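Some notes on the structure that comes next.
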Amino acid sequence: MAVKGGFGARNPDVGKKRHTFHCQSTTTSRGHAANSEAANMLEDLAKLCAVRGGDGSVFKERGFKNAAGVLRRLGVQITNIQQLKDLRKHEPQRVRGLGDSVMKELSTFYEEGRMHRLDGLEADPKLKCLKILQEVGWVGAVKAQQLYDKGVRSIEDLRTKGLHLLSEQAQICLSRHEDIMQRMPRSEAAEIEAVVTKVAQSICPGVICQACGSYRRGKSHCGDVDVLIRPPEGQEDSPMFDDLIKRLVETGFITDKLTLAGGPHRPGKSQSFMGICKLPGTGRLHRRVDIKFYPTSLFAFAVLYFTGSSHFNRSMRSFAKIKGLKLSDKGLCRVNTVNGEEVHRFPSYSCLREEDVFTALGLEWREPKDRDGVQVQAFCSKGEGGATELSGRVVPVTLEQEQQHQALLEQERLEASDYEDAELQQQE
DNA sequence: GCTCAGCAGTC
DNA sequence: GACTGC
DNA sequence: GAGC
Ligand SMILES: O=c1ccn([C@H]2C[C@H](O)[C@@H](COP(=O)(O)OP(=O)(O)OP(=O)(O)O)O2)c(=O)[nH]1
Ligand SMILES: [Mg+2]
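Residue numbers (this note's numbering): 752 to 1179.
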């Protein structure tokens, strides 16, 4: 646990102790919880960078988050900074992402148990306010600062004197704040998916509904429910979405609308609803729900996107980009660019299944559960060792490593062809 | 010094 | 075009 | 913030 206790509720799945493998006790040096204290502090640092906002804050946030993940995945308990310096020298791939700035924080952490940068930020009362305000949906770094400038310091202030300063969406999120800030157990996400499915089926029999996001990645708790819908097998499109939302509102399941995207049904186009729902009966909390509809030919790209994680998506899209492709929730297209700017987009590759998108990109299939930033337990089934070493060969664990790996292969391929394979090239 | 995903709604 | 969200 |  972080030295400072009071900084935010953490995702219960992160840094959670898994007892799947007996070989690892919680206190041994090679346990899954290795370096979790330092990692937690780096994550706090990441969060505070995001809260403070300003230029490049999102990249600083990811920089610290990534560093936390690197440390977690290391598989070895670090007890002093020299160990990391040695790794940087001899096995730099293993600590890729720990740059000068993070190393500086880590050295004071291993020497005195504190990160100076973090201490500074946590001591700032203004940042504490900004953080609380930003926990309300549609209140980001800029809006929070504006509110602060007008004397708003708390959720209560927001309710009593700040309502008129908020967008319609932010007002709704504020009105449900206490409910929707809580993550729900996955069983409840399943119940919500079931309600949407039931109503969807009644409108369009055979329609396929699937909860994606953190639910599909197997998380024990979910921040919201991300329901994806496609037409029945053998059918390309359906106009059911407008009716579905209408019915879910009528039945009282959907209590609030935040945004509707895509407008009324147009053949071949996706539609999406973002809002708040509540299961019937007493003792239920309001929950955030996202419902999306995609025609069948886009569905593979849509599930891939909607399953995430967001980090995984960014990573995969970067990978596509390097290959001259553009990946989105609606397709995978070859693009022509002139110094970074897109000048032509070809029609999308056709992918019927999620697997086909991986194949089209030359990537190995990854189970949804293995699409998180942190993958503590991957490839651990033999009961020993870390996640990266298997039968003497380095197995890529993160997409970044996979990227690096493939870049290397690509480079080798090109170099080889330079010298020998001019003929072979022509055949293709 | 440049890049970091790609898209959509609201204001 | 900036902000916010997925 | 990190990598190139
Ligand atoms: O910046 C983002 C945010 C989300 N997504 C995709 C991946 C993500 O998994 C899905 C659903 O978003 P959500 O915010 O619900 O994330 P989650 O992965 O489901 O986590 P949570 O449990 O917090 O809802 O949309 C992105 O591609 N980019
Ligand atoms: Mg979600």
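The beta carbon of each residue, even a glycine, is placed where N, CA and C say it ideally should be. Since this is a predicted model, take the numbers as computed values, not measurements.
Review point. For Met935, which residues does DSSP report across the bridge?
Key: The residue labelled residue 935 in the question sits at position 184 within the first sequence. For Met935, which the question treats as bridged, DSSP gives the partners Cys973.
Review point. Over what stretch of residues does the alpha helix (DSSP H) that includes Ser965 continue unbroken?
Key: Locating residue 965 in the first sequence gives position 214, where the first residue counts as 1. From DSSP, the alpha helix (DSSP H) with Ser965 extends over Gly964 to Arg967.
Practice item. Would you mind stating whether Met866 and Met792 have Cβ atoms separated by less than 7 Å? Key: Taking the first sequence and counting its residues from 1, one reaches residue 866 at position 115. Taking the first sequence and counting its residues from 1, one reaches residue 792 at position 41. Yes, these two residues count as a Cβ contact at 7 Å.
Check your understanding: Quick one: does the C-beta of Asn1064 sit closer than 6 Å to a heavy atom of ligand 1?
Key -> On the first sequence, position 313 is the one that residue 1064 refers to. The answer is yes for Asn1064.
Review point. Rounded C-beta distance between Thr1058 and Pro1119? I'm assuming under 8 Å.
Key: Taking the first residue of the first sequence as 1, we reach residue 1058 at position 307. Taking the first residue of the first sequence as 1, we reach residue 1119 at position 368. The Cβ separation is near 5 Å, so the contact holds.
Review point. Heavy atom of ligand 2 less than 6 Å from the Cβ of Asp875, yes or no?
Key: By 1-based counting over the first sequence, the position of residue 875 is 124. No, the beta carbon of Asp875 sits no closer than 6 Å to any heavy atom of ligand 2.
Practice item. Within the same chain, show all residues whose beta-carbon is closer than 7 Å to that of Leu1103, passing over the 5 residues directly before and after it, in chain order. Key: Here residue 1103 refers to the residue found at position 352 of the first sequence. Closer than 7 Å at Cβ, skipping near neighbours: Ala1051.
Practice item. Tell me where the beta strand (DSSP E) around Arg1096 begins and ends. Key: As a working mapping, residue 1096 is identified with position 345 in the first sequence. It spans Glu1092 to Arg1096 - the beta strand (DSSP E) in which Arg1096 sits, taken as one unbroken run.
**Study point:** His1154 in three-state terms, based on DSSP
**Key:** Residue numbering aside, residue 1154 sits at position 403 when the first sequence is read from its first letter. A quick correction: the sequence has Gln, not His, at residue 1154. Gln1154 falls in the helix class under three-state DSSP.
Review point. So, are the CB atoms of Val821 and Leu796 less than 7 Å apart?
Key: Numbered from its first residue, the first sequence carries residue 821 at position 70. Numbered from its first residue, the first sequence carries residue 796 at position 45. Their beta carbons are not under 7 Å apart, which means Val821 does not touch Leu796 by this criterion.
Point to revise | CA nearest to the CA of Phe815, picked from Leu838, Leu914 and Met854 | key: To locate residue 815, count along the first sequence from 1; it is residue 64. It is Met854.
**Study point:** Residues with C-beta closer than 6 Å to any heavy atom of ligand 2, in chain order
**Key:** Gly964, Ser965, Cys973, Gly974, Asp975 and Asp977
**Study point:** Buried versus exposed, by CB contacts within 10 Å (16 or more), Phe860
**Key:** Position 109 of the first sequence, counted from the first residue, corresponds to residue 860. Classification of Phe860: buried, given that the 10 Å Cβ count is 16 or more.
Exercise for review: Pull up the CB-CB distance for Leu979 and Ala1053, whole angstroms please, since I reckon it's below 8 Å.
Suggested key: For the purposes of this step, residue 979 is taken as residue 228 along the first sequence, with counting starting at 1. For the purposes of this step, residue 1053 is taken as residue 302 along the first sequence, with counting starting at 1. Right, their Cβ atoms sit about 6 Å apart.
Point to revise | Neighbourhood of Ala940 by C-beta, 7 Å cutoff - its chain only, sequence neighbours within 5 removed | key: Against the first sequence, residue 940 aligns to sequence position 189. Excluding positions up to five away in sequence, the list reads Ala962, Tyr966, Cys973 and Val976.
Practice item. Starting from Gly1082, follow its DSSP beta bridges and name the residues at the other end. Key: On the first sequence, position 331 is the one that residue 1082 refers to. Answer is Ser1079.
Check your understanding: Glu1151: buried (16+ other C-beta within 10 angstroms of its C-beta) or exposed?
Key -> For this step, residue 1151 is matched to residue 400 along the first sequence. Flag for Glu1151 reads buried.
Exercise for review: Can you grab the Cα-Cα spacing for the pair Ile931 / Ala1071, in whole Å?
Suggested key: Within the first sequence, residue 931 is the residue found at index 180, counting from 1. Within the first sequence, residue 1071 is the residue found at index 320, counting from 1. If you take the alpha carbons of Ile931 and Ala1071, they lie about 35 Å apart.
Exercise for review: Kindly indicate the opening and closing residues of the beta strand (DSSP E) around Asp1007.
Suggested key: The residue labelled residue 1007 in the question sits at position 256 within the first sequence. It spans Ile1005 to Ala1012 - the beta strand (DSSP E) in which Asp1007 sits, taken as one unbroken run.
Exercise for review: Return helix, strand or coil for Ile906, following the three-state DSSP convention.
Suggested key: To locate residue 906, count along the first sequence from 1; it is residue 155. Helix.
Check your understanding: What does DSSP give as the partner residues of Asn1087 in its beta bridges?
Key -> Mapped onto the first sequence, residue 1087 falls at position 336. Note: Asn1087 sits in a beta bridge opposite His1095.
Practice item. Given a cut-off of 7 Å, decide if Gly1013 and Ser1021 are closer than it, judged by their beta-carbon atoms. Key: In the first sequence, the residue the question calls residue 1021 occupies position 270. In the first sequence, the residue the question calls residue 1013 occupies position 262. Yes, the Cβ-Cβ distance between Ser1021 and Gly1013 is below 7 Å.
Check your understanding: Regarding Phe1052 and ligand 1, is the C-beta to nearest heavy atom distance less than 6 Å?
Key -> Walking along the first sequence from the start, residue 1052 turns up at place 301. No; taking the cut-off as 6 Å, the Cβ of Phe1052 has no heavy atom of ligand 1 nearer than that.
Review point. Nearest CA to the CA of Arg968: which residue from Arg847, Asp1121 and Thr1149?
Key: Taking the first residue of the first sequence as 1, we reach residue 968 at position 217. Closest option to Arg968, Cα to Cα, is Asp1121.
Review point. Beta-carbon separation of Cys960 and Val947 under 7 Å?
Key: Looking up residue 960 in the first sequence gives position 209. Looking up residue 947 in the first sequence gives position 196. Yes, these two residues count as a Cβ contact at 7 Å.
Practice item. Flag this pair as yes or no: are the beta carbons of Leu1078 and Arg1068 separated by less than 7 Å? Key: Residue 1078 sits at position 327 when you count from the first residue of the first sequence. Residue 1068 sits at position 317 when you count from the first residue of the first sequence. Yes; because the gap between Cβ atoms is below 7 Å, this pair is in contact.
Review point. How should Gly864 be labelled, buried or exposed, when 16 other C-beta atoms within 10 angstroms of its C-beta is the threshold for buried?
Key: Translated into positions along the first sequence, residue 864 becomes position 113. Gly864 should be labelled exposed.
Exercise for review: Put Gln1128 into one of helix, strand or coil per three-state DSSP.
Suggested key: Here residue 1128 refers to the residue found at position 377 of the first sequence. Interpretation of Gln1128 is limited by its pLDDT of 25, a score under 50 that renders its predicted location unreliable; no figure is taken from the coordinates.
**Study point:** Any non-hydrogen atom of ligand 1 within 6 Å of Ser971 CB
**Key:** In the first sequence, residue 971 corresponds to position 220, counting from 1. No, since every heavy atom of ligand 1 falls outside the 6 Å radius drawn around the Cβ of Ser971.
Practice item. Taking all protein chains shown into account, decide if Leu1160 is buried (16 or more other Cβ within 10 angstroms of its Cβ) or exposed. Key: Sequence index remark: in the first sequence, residue 1160 carries index 409 (1-based). It is exposed - the Cβ of Leu1160 has fewer than 16 other Cβ atoms within 10 Å.
Review point. With 16 other CB atoms within 10 Å as the buried threshold, where does Val887 fall?
Key: As a working note, residue 887 is residue 136 in the first sequence. The residue is buried, with at least 16 neighbouring Cβ atoms inside 10 Å.
Exercise for review: Within 10 angstroms of the Cβ of Glu919, are there 16 or more other Cβ atoms? Answer buried if so, exposed if not.
Suggested key: To locate residue 919, count along the first sequence from 1; it is residue 168. Flag for Glu919 reads exposed.
Point to revise | N- and C-terminal bounds of the beta strand (DSSP E) containing Arg1038 | key: The sequence position of residue 1038 within the first sequence is 287, counting from 1. Where Arg1038 is concerned, the enclosing beta strand (DSSP E) stretches over Arg1038 to Phe1044.
Check your understanding: Does ligand 1 have even one heavy atom less than 6 Å from the beta-carbon of Gly1059?
Key -> Along the first sequence, one-based indexing puts residue 1059 at 308. Yes - ligand 1 has a heavy atom lying nearer than 6 Å to the Cβ of Gly1059.
Review point. Helix, strand or coil: which one does DSSP assign to Gln961?
Key: By one-based count along the first sequence, residue 961 stands at place 210. Residue state, collapsed to three classes: strand.
Point to revise | For Ile829, three-class secondary structure by DSSP | key: By 1-based counting over the first sequence, the position of residue 829 is 78. Ile829 falls in the coil class under three-state DSSP.
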